[in-house]
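*Asks:* Residue numbering for the sequence shown follows this note's numbering, beginning at 21 and increasing consecutively.
Quick reminder that beta carbons are idealized off the backbone N, C-alpha and C, glycines included.
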Amino acid sequence: MILKEIKNIFQAELKGIYAPEETDVLFFRLTEAYFGINRIGLALQPELVLRKEEDDRLFAALHELKQHRPVQQILGSTLFYGLELKVNEHVLIPRPETEELVDWICSDYGHKSGLSVLDIGTGSGCIAIALARNLPGARVTAVDLSEAALETARENAGMHGADIRFIREDILKAHKLPEENIDIIVSNPPYVRNMEAREIKKNVLKHEPHKALFVPDDTPLVFYEKIARLASGHLAKGGSLYFEINQYLGKEMIKMIGDTGFKNSILKKDASGNDRMLKAFC
Ligand code: GLN
Numbered sequence: 021m022i023l024k025e026i027k028n029i030f031q032a033e034l035k036g037i038y039a040p041e042e043t044d045v046l047f048f049r050l051t052e053a054y055f056g057i058n059r060i061g062l063a064l065q066p067e068l069v070l071r072k073e074e075d076d077r078l079f080a081a082l083h084e085l086k087q088h089r090p091v092q093q094i095l096g097s098t099l100f101y102g103l104e105l106k107v108n109e110h111v112l113i114p115r116p117e118t119e120e121l122v123d124w125i126c127s128d129y130g131h132k133s134g135l136s137v138l139d140i141g142t143g144s145g146c147i148a149i150a151l152a153r154n155l156p157g158a159r160v161t162a163v164d165l166s167e168a169a170l171e172t173a174r175e176n177a178g179m180h181g182a183d184i185r186f187i188r189e190d191i192l193k194a195h196k197l198p199e200e201n202i203d204i205i206v207s208n209p210p211y212v213r214n215m216e217a218r219e220i221k222k223n224v225l226k227h228e229p230h231k232a233l234f235v236p237d238d239t240p241l242v243f244y245e246k247i248a249r250l251a252s253g254h255l256a257k258g259g260s261l262y263f264e265i266n267q268y269l270g271k272e273m274i275k276m277i278g279d280t281g282f283k284n285s286i287l288k289k290d291a292s293g294n295d296r297m298l299k300a301f302c
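1) Can you list, in chain order, the residues of its chain with a C-beta nearer than 7 Å to that of Asn294? Leave out the 5 residues immediately preceding and following it.
2) Taking the alpha-carbon positions, what's the Ile22 to Glu73 distance?
3) Kindly indicate which residue of Tyr54, Leu70, Ala148, Ser166 has the alpha-carbon position closest to the one of Ser207.
4) Please report how far the alpha carbon of Phe55 lies from the alpha carbon of Leu155, in whole angstroms.
5) DSSP state of Thr98, grouped into three classes?
6) Measuring CB atoms only, is the region 225–234 touching the region 110–125, in the sense that at least three cross pairs come out at less than 8 Å?
7) Could you tell me which of Val224, Leu34, Pro198 sits nearest to Ile140, measuring between CA atoms?
8) How is the alpha helix (DSSP H) around Thr280 delimited, first residue to last?
9) From the DSSP output, in three-state form, read off Ile113 for me.
10) Can you determine whether any heavy atom of the ligand GLN sits closer than 7 Å to the C-beta of Gly141, and answer yes or no?
11) Got a sec, what are the start and stop residues for the beta strand (DSSP E) Ile161 sits in?
12) Would you call the region 24–36 and the region 67–87 in contact, with 3 or more CB pairs under 8 Å?
13) Counting C-beta neighbours from all protein chains within 10 Å, is the total for Arg296 16 or more, i.e. buried, or is it exposed?
14) Any chance the CB of Thr118 is under 7 Å from a heavy atom of the ligand GLN?
15) Enumerate in chain order the residues of its own chain whose CB-to-CB distance from Asp7 is below 6 Å, with the five nearest sequence positions on each side excluded.
16) Suppose only complete runs of 4+ residues qualify. What are the alpha helix (DSSP H) ranges in the region 132–189, listed by chain order?
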């Protein structure tokens, strides 16, 4: 079929699910990944015709998009901090906000070598791998509760030659951290309250792991508090905690962190202007 016609079919079929501009972005993300054709490519060859197998590929993806499946899951991968990472329904799709968290750590610690790093709730492994690749000689450990997530993270680490120690652990049940003298502890734990579910897009709600997204409404800081308590007194000198946080809970986070023995905490906004990251140190 003529590619431009398929693009029109995408627009018609995805009406009501995505805004027209979003649909075009998704369409070209698929054509770029499948056939190396982007918006400019189509503008230069407006009558471009695809082969039947190529049409079928796009229509299969359209079917998935109509089920609200995120395009990253359809393609099986996404880009995070310049690294291509495998994603599936067992892991949270790495977000730009999390890249900002990694960036903060790299700007604070990028000049130091041989640091020990712990990533709690690693999911796809995105934070651990980005830090292993960007902090010179870092020794990185990553934990997650989900074996399926760890399998994905291991594969991603392997793809990027990142030598990371992966451990399966339920941090809420842990009595101590898997390492002593850690320089950097980082975590992007579940932080969405059930009462905030209506703010979450349908593609996320239907296809991303709820265990990675949601915390009970009444104890939304449970992961942070547990990590801070385990870490208090066990970080290396000059070490820090870095968290991605619920944008509505910045103040509560600062108070809780103070109560666990960390004297200093700094809140940082993400590119959308929301309180999204917190750093704590003694
Ligand atoms: N650490 C992973 C990420 O930042 C997973 C986070 C999660 O599943 N809550 O994407």
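*Replies:* A quick look at the data gives this:
1) Gln267
2) 13 Å
3) Here the closest residue by C-alpha is Ala148.
4) 35 Å
5) strand
6) yes
7) Pro198
8) Per DSSP, Thr280 belongs to no alpha helix (DSSP H) and is neither H nor E.
9) coil
10) Result yes, Cβ under 7 Å from the ligand GLN.
11) The residue asked about is misnamed: residue 161 is Thr in this sequence, not Ile. Note, Thr161: beta strand (DSSP E), 159–164.
12) Taking 8 Å as the limit for Cβ pairs, the verdict is that the region 67–87 does touch the region 24–36.
13) Buried.
14) yes
15) What the structure shows of the chain is the stretch from 21 to 302, and residue 7 is not part of that stretch, so it cannot be assessed.
16) 146–154, 167–179
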